[in-house]
Structures are given as C-alpha cells and as structure tokens.
C-alpha cells in the first residue's frame with residue numbers, strides 16, 4: 010500500500026492510500042536549487058530582463074525604499090536584500106538613505122527578532138528596517154477601476170522603490186511577485202479591500218495575469234505608488250532559488266510566472282473523488298488564513314461533492330480577526346459567499362473562499378486546532394490523515410479515487426490548457 014509523508018508545520022504526517030484507489034500524485038516538476046544563488050541574484054540585478062538597470066533609475070543620494078515580504082511568505086529576503094543594498098551603494102546611495110520596509114498588508118506586525126530573522130542581523134544593523142504602517146498612509150491616486158490608492162508614507166516619500174519577493178501562485182491575483190509587494194503589501198485596509206473586491210469578477214484566478222482584473226488593478230495601483238524596480242526569485246518546494254529575475258516589475262513577474270508554471274502547473278486527466286493535500290508545511294500552514302490557498306488549489310483537483318482532506322497545523326488558529334468573525338457569524342458556508350457579494354471586506358474574502366470550497370466538496374481538516382473549533386468552521390476534524398481517508402471512503406465508497414497533493418500551496422492542477430501569462 011503506497012505511503013506518503015506530507016509536510017505539517019515543521020514536521021510530517023503519514024498516510025497510506027490503497028494502490029487500487031490511488032489516481033496519482035500531483036507532483037511538481039522540480040528544478041534543483043542554483044549552486045550560487047547570491048551570484049544569480051547579483052547577475053539578475055546587473056542584467057535586467059526588461060527596462061533600465063538600477064543605475065538608470067537611481068541617482069546618487071536618492072532615498073530608496075526596499076520592500077520585502079513579511080513572515081507569512083517564503084521569500085528568502087536574507088538572500089535578496091544584501092545584493093540590492095550593495096547595488097544601491099554602487100550607484101551612490103549610502104546605507105543611511107535606504108529603508109527596508111516589511112510589507113504587512115493586513116497581517117500582524119513583526120517582532121524585532123522576526124525582522125532580524127527575515128533579512129539577517131547584518132542588514133538590521135546596516136539600514137533602517139520598519140514594518141509598513143496602515144495607519145500612516147498617503148493617497149497617491151485612483152485606478153481606472155475606482156480603487157483609491159493609499160500607501161504607507163515611508164514608501165511614498167522615497168525617491169525610488171525596489172520590490173522584492175518570490176513568485177508563486179496566488180488564488181485571485183494570479184501570482185505573487187512584481188508590484189504585489191506594494192499592493193496590497195504597503196497599502197491601507199481600504200485600498201486592499203477595494204482591490205480585493207475584484208476577486209468576484211471573471212478572470213480573477215490563480216495562474217493568470219492578462220485578463221485578470223484584480224492583477225491589472227494591482228499593476229495600475231503599483232504604478233501610482235511608483236513600482237520602479239523588482240528583484241524576484243522562483244523557488245522549489247525546498248525553498249531553494251531556481252531562478253532570479255530583476256528589472257521592470259511586470260516583466261519580472263512574467264518571467265517568474267513562466268518559471269513557476271514550468272514546475273507547478275500540473276495537468277490532470279480528471280478530477281478525483283478524494284484529494285489529500287498539504288499546503289507544504291510552515292509558514293504556509295501557520296494559520297488557516299494562509300492554508301486556505303492550498304484549499305483553493307486543491308479544489309480544482311476534486312470533483313463536486315467529493316472529499317478534500319487538508320493537513321495544516323494552524324498553530325496560530327485562524328490567523329485574522331475579520332476572517333474569524335465571519336466564520337463564527339455564518340450559519341452555513343453559503344452565507345459567507347452571500348455576505349461578501351453584499352459588501353467586500355478584507356478577511357471576509359478568505360471566509361467566502363473557504364465557504365465556496367466547502368460548498369464544492371466537504372473538507373476534513375487535520376490540524377492542531379481543537380475539534381470543536383474546526384466544526385464551527387464548517388469543516389470536519391480528524392485526528393490523523395488515515396482517519397480522514399477512512400471517513401471519506403465510508404461516505405463515497407471503498408472504490409473512491411484519490412489524488413495526493415504534497416505541496417498544494419504551490420501546485421496548480423489544470424484540466425484545461427494553461428492560461429498564457
């Protein structure tokens with residue numbers, strides 16, 4: 010009987026699937042990590058994929074904001090930031106004119122130790138490092154879709170903004186990366202709400218850039234703030250850098266998206282009765298707010314009315330106050346979708362996405378959360394993956410087909426032609 014070990018927090022959970030039921034494993038077409046990622050990042054900065062180099066953007070003495078991902082993201086900022094600082098120094102920007110801004114969006118502030126862990130002690134000693142502040146934002150304009158753009162003052166007041174991060178699938182923005190470091194990264198809650206409300210429009214889906222209204226709004230809002238230069242990397246499931254890109258943010262995003270698709274856009278013949286999924290371990294399963302991304306990917310692999318089994322530790326519980334409030338106030342999953350259509354609220358959008366997934370197929374969760382808490386989320390708790398699978402077989406029959414997604418937070422099942430990026 011095939012056995013699988015799925016990442017769960019910083020450990021693993023095991024499950025056995027009968028060979029007769031196993032439809033397949035949605036595995037990435039992994040690429041090995043680069044032997045010298047520092048050299049690759051420096052080469053990317055020196056040779057942009059498109060647009061001017063930093064030397065063509067930055068003037069000596071400029072004040073520069075280097076925007077980096079927060080602790081919920083797997084971006085290797087400790088590798089990305091030092092080459093950027095060195096490149097800025099080389100074109101006449103001293104460390105005293107550089108501020109590293111951690112893009113929180115609506116996530117919680119960092120502790121000093123977390124900021125040091127993200128970029129390294131040498132960087133925190135070298136330049137000013139701060140969190141974005143959604144309470145101190147400046148209006149910079151309005152997009153053609155009506156999004157009023159307000160961004161943290163420290164980013165707006167800089168002469169140049171450098172966006173850093175990793176490119177991966179995002180369930181309605183298409184992909185992370187590019188100008189997404191700024192929007193929603195350094196914006197206030199109202200801006201994020203207006204942009205994210207576009208998730209209800211056709212085309213707002215993972216793996217899509219062109220024709221994605223929400224992503225196009227991000228690009229327009231990023232231009233209003235001033236997304237001047239980007240340094241992005243593509244990671245494998247071991248969080249090793251497999252490719253690095255720098256230059257004009259949208260072109261960097263497209264290059265990163267092609268690299269991600271080559272590894273993680275996985276064709277499947279048909280949807281399965283049962284999907285067993287892991288977001289990919291910490292930090293992707295640190296709370297349900299983050300783990301929801303894996304649910305949304307896995308939903309494409311399971312048939313309507315089937316069973317979606319998720320292994321996500323969720324050591325921080327739900328992870329967001331509004332998300333938790335909406336889940337507690339709903340009487341059934343469909344309530345969450347109806348509520349979001351009546352008025353978009355950040356945090357509530359994740360609750361609605363979870364509700365849509367639960368309507369599509371019942372979800373069983375193996376986590377560190379108390380069983381009674383899980384049940385209030387319209388999910389079924391299980392103590393182990395083997396127990397969850399036995400429950401699925403009992404409901405769907407012993408012949409139910411099973412697909413396994415070891416890195417559901419990253420892999421995107423596709424039953425149709427890939428959307429061009």
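Residue numbers (my numbering): 10 to 430.
Glycine included, C-beta positions come from ideal geometry on N, C-alpha and C.
Which class does residue 208 belong to by DSSP, given the choice of helix, strand or coil? DSSP places residue 208 in helix when its eight states are reduced to three.
Have a look at residue 26 and residue 266 and give me their C-alpha separation to the nearest angstrom. 33 angstroms
Beta-carbon contacts of residue 339 that lie in its chain and below 8 angstroms, excluding the five residues immediately before and after: 345, 348, 360, 364, 387
Whole-number beta carbon distance between residue 102 and residue 67, since they are thought to touch under 8 angstroms: 6 angstroms
Count the other CB atoms, across all protein chains shown, that sit within 10 Å of the CB of residue 32; report buried if there are 16 or more and exposed otherwise. buried
Closest Cα partner of residue 55 within the set 100, 13, 28, 43: 100
Starting from residue 97 and walking both ways along the alpha helix (DSSP H), at which residues does that stretch end? Where residue 97 is concerned, the enclosing alpha helix (DSSP H) stretches over 86-99.
Out of curiosity, what's the CA-to-CA distance linking residue 47 and residue 271? 22 angstroms
Tell me the rounded alpha-carbon separation between residue 384 and residue 341. 11 angstroms
Could you pull out every unbroken alpha helix (DSSP H) segment of at least 4 residues lying fully inside the stretch 329-369, listed in chain order? 330-338, 342-351, 357-369
Simplified DSSP assignment, three categories, for residue 412: strand
For the 8 angstroms Cβ check, are there 3 or more pairs between the stretch 82-89 and the stretch 165-185? yes
Okay, do the stretch 290-304 and the stretch 318-325 touch, 3+ Cβ pairs below 8 angstroms being the bar? yes
Out of 210, 216, 235, 179, point me to the one whose CA is closest to residue 196's CA. 235
Suppose the cutoff is 6 angstroms on Cβ atoms and the five residues either side in sequence are ignored; what does the same chain contact list for residue 62 look like? none
Tell me which residues share the same chain as residue 200 and place their Cβ nearer than 8 angstroms to its Cβ, disregarding the 5 neighbours each side in the sequence. 146, 156, 157, 158, 159, 160, 192, 193, 230
For residue 355 versus residue 141, is the C-beta distance shorter than 8 angstroms? Inclusion of residue 355 and residue 141 in the CB contact set at 8 angstroms is not warranted, their separation being larger than that value.
What are the partner residues of residue 184, as DSSP defines its beta bridges? Partner(s): 178.
Our contact map puts residue 190 next to residue 112 with C-beta atoms below 8 angstroms; I'd like the distance itself, whole angstroms only. About 5 angstroms; that satisfies the 8 angstroms criterion.
Alpha helix (DSSP H) segment containing residue 150, residue limits: Looking at the DSSP string, residue 150 is not in any alpha helix (DSSP H); the run it does join, the beta strand (DSSP E), is 146-151.
So is residue 23 buried or exposed if we call it buried at 16+ other beta carbons inside 10 Å? exposed
What are the start and end residues of the beta strand (DSSP E) that includes residue 401? Premise fails: residue 401 lies in the alpha helix (DSSP H), 394-405, not in any beta strand (DSSP E).
By Cβ distance, which residues of its chain are closer than 8 angstroms to residue 332, with the 5 residues on each side in sequence left out? 297, 298, 356, 357, 359, 360
If you draw a straight line from the C-alpha of residue 212 to the C-alpha of residue 86, how long is it? 30 angstroms
Can you look up residue 278 in the DSSP assignment and give me helix, strand or coil? coil
Can you tell me whether residue 153 is buried or exposed? The criterion is at least 16 other CB atoms within 10 Å of its CB, across all chains shown. An exposed status is given to residue 153, since fewer than 16 other beta-carbon atoms sit within 10 Å of its beta-carbon.
Which whole-angstrom value describes the C-beta separation of residue 58 and residue 256, a residue pair presumed to lie in contact below a C-beta threshold of 8 angstroms? Under the criterion of beta carbons closer than 8 angstroms, residue 58 and residue 256 qualify as touching, at roughly 5 angstroms.
Please state whether DSSP places residue 305 in a helix, a strand or coil. helix
Taking only the alpha-carbon atoms, compute the straight-line gap between residue 1 and residue 261 and give it to the nearest angstrom. The question about residue 1 has no answer, for the chain in this structure spans 10 to 430.
Throw me the rounded Cβ distance for the residue 107 and residue 73 pair, which I believe falls under 8 angstroms. Contact between residue 107 and residue 73 holds, with the beta-carbon distance rounding to 5 angstroms and staying under 8 angstroms.
Please work out which residues of its chain come closer than 6 angstroms, Cβ to Cβ, to residue 336, disregarding the five sequence neighbours upstream and downstream, and give them in chain order. 360, 386
Could you tell me whether the Cβ atoms of residue 204 and residue 226 are closer together than 8 angstroms? yes
Which partner residues of residue 21 appear in the DSSP bridge assignment? 16
Could you check the C-alpha separation between residue 214 and residue 224 for me, to the nearest Å? 9 angstroms
How far does the alpha helix (DSSP H) with residue 47 in it reach, from first residue to last? 46-55
Kindly give me the distance between the Cβ atoms of residue 290 and residue 16, rounded to whole angstroms, as I take these residues to be in contact under 8 angstroms. 3 angstroms
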